[in-house]
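See structure below.
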Amino acid sequence: MKNFIRIIMVLLLSLTLLPFAQAQTFVKQDYGNDNIEGLAYINNKAKQFINQYNQQHHTNWQSLEPSAKVIVPKCAVPLKAKWEKVILGDDHIPHKYVIAVYCEKMRDPKQKKWSVRVQVCDEQSELITSIK
-17 MKNFIRIIMV LLLSLTLLPF AQAQTFVKQD YGNDNIEGLA YINNKAKQFI NQYNQQHHTN
43 WQSLEPSAKV IVPKCAVPLK AKWEKVILGD DHIPHKYVIA VYCEKMRDPK QKKWSVRVQV
103 CDEQSELITS IK
């Protein structure tokens, strides 16, 4: 009977801790399929871009993840990234900069080019309003 209670206790504890065991987000686990570009690849390209920028400009900015709601067609060429200015229209913060991860050629020639915006923040978790 004691062993049975121990087993039940271990199972209950395991079930309680299970949500914490999944350290990776959906974006980091999404590698897409034959038709859809994986968000993990978009996320990795944004991280690569910001890491290179940080090295060149001695900053410590972080790229956040793309929205998990984004679905884009599979890219036929390597993904590219660049800075993109987004107008906010706010009196205090009129604009911000994001990383635009984009694809210039899809596997299906009928499909248009796409771009996914990835948010960027500084060490204080503030939006990036100017770049060097």
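Okay, so the sequence shown: first residue is -17 according to the working numbering, each after it adds one. C-beta atoms are modelled at their ideal positions from N, C-alpha and C, and glycine is treated no differently. These numbers were taken from a predicted model, which means no experiment stands behind them.
- Counted as a single uninterrupted DSSP element, the stretch harbouring Lys94 is not any alpha helix (DSSP H), since DSSP gives it neither H nor E.
- Put simply, of Tyr35, Lys67, Tyr79, Pro60 the residue whose alpha carbon is nearest the alpha carbon of Glu108 is Tyr79.
- Membership of His39 in the alpha helix (DSSP H) is indicated by the continuous run 21 to 39.
- Between Lys27 and the set Glu47, Gly71, Gln106, His40, the nearest pair of CA atoms involves Glu47.
- Only buried fits Val83, as 16 or more other CB atoms lie within 10 angstroms of its CB.
- An exposed status is given to Asn42, since fewer than 16 other beta-carbon atoms sit within 10 Å of its beta-carbon.
- By the neighbour-count definition (other C-beta atoms within 10 Å, threshold 16), Asp72 is an exposed residue.
- Taking the Cα positions, Lys95 is about 22 Å away from Ile32.
- Taking C-beta atoms as the reference points, Tyr23 and Leu61 count as a pair closer than 9 Å.
- The DSSP-derived three-state label of Lys67 is strand.
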